[in-house]
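Residue numbers (the numbering used here): -10 to 131.
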């Protein structure tokens, strides 16, 4: 795992959680639109009279997965924030926090720090190297 991938775990987990929440909303809409079972004559099939129950069981399972993912996100975010907070260089701290915690683009960071975009990209590369030097053994072999 590279330093960028390690720091980017927060955004990735956040996207995954949001995607799962969208899936749940779609499943709930589908469950609400399921019609009542028809008891007409059928041959050679076993009807599933509990379609709604099946859908809500799936929703419940997904919600439990999301709870676990949220717990993982909170733990990783807390750990990464502590690691970024411990960086001594102010530019390193500012760039890593803005980029990986606040999810700001290099353009926004450059404007806020009153640097050129190119300078921010260069400082970002330096910040990644400093972070890796300090914490690389934690994640590089994962």
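Note that the Cβ used here is the ideal one computed from N, Cα and C, for glycine as well.
At the level of alpha carbons, what is the spacing between residue 3 and residue 18?
Here residue 3 refers to the residue found at position 14 of the chain shown. Here residue 18 refers to the residue found at position 29 of the chain shown. Their backbone Cα atoms lie some 23 Å apart in a straight line.
Just to confirm, are residue 58 and residue 90 a CB contact at a threshold of 8 Å?
Here residue 58 corresponds to residue number 69 of the chain shown, with the count starting at 1. Here residue 90 corresponds to residue number 101 of the chain shown, with the count starting at 1. No; because the gap between Cβ atoms is not below 8 Å, this pair is not in contact.
Of the choices 70, 50, 94, whose alpha-carbon is the least far from that of residue -4?
As a first step, residue -4 is located in the chain shown; it is residue number 7 there, counting from the start. The shortest C-alpha to C-alpha distance from residue -4 to any of 70, 50, 94 is the one to 70.
Run through DSSP, which three-state label would residue 104 get?
Walking along the chain shown from the start, residue 104 turns up at place 115. Three-state DSSP puts residue 104 in coil, outside helix and strand.
Reference residue 63; option with closest CA among 42, -2, 53:
Taking the first residue of the chain shown as position 1, residue 63 is located at position 74. Distance check between residue 63 and each of 42, -2, 53 places -2 closest, using alpha-carbon atoms only.
At which residues does the alpha helix (DSSP H) containing residue 41 begin and terminate?
Reading the chain shown from its first residue, position 52 is the one you call residue 41. Per DSSP, the unbroken alpha helix (DSSP H) holding residue 41 starts and ends at 40 to 74.
Count the other CB atoms, across all protein chains shown, that sit within 10 Å of the CB of residue 127; report buried if there are 16 or more and exposed otherwise.
Taking the first residue of the chain shown as 1, we reach residue 127 at position 138. It counts as exposed.
Report yes or no: do three or more beta-carbon pairs, one from the segment 45 to 59 and one from the segment 73 to 81, lie closer than 8 Å?
Taking 8 Å as the limit for Cβ pairs, the verdict is that the segment 73 to 81 does not touch the segment 45 to 59.
From residue 112 to residue 12, what distance separates their C-alpha atoms?
Within the chain shown, the letter at position 123 stands for residue 112. Within the chain shown, the letter at position 23 stands for residue 12. Rounded to the nearest angstrom, the gap between the Cα atoms of residue 112 and residue 12 is 39 Å.
Could you check how far apart the C-beta atoms of residue 116 and residue 81 are, in whole angstroms? I think they sit under 8 Å.
Locating residue 116 in the chain shown gives position 127, where the first residue counts as 1. Locating residue 81 in the chain shown gives position 92, where the first residue counts as 1. Contact between residue 116 and residue 81 holds, since their C-beta atoms are separated by about 4 Å, short of 8 Å.
Helix or strand or just coil, what does DSSP make of residue 80?
Taking the first residue of the chain shown as 1, we reach residue 80 at position 91. Of the three classes helix, strand and coil, the one that applies to residue 80 here is helix, per DSSP.
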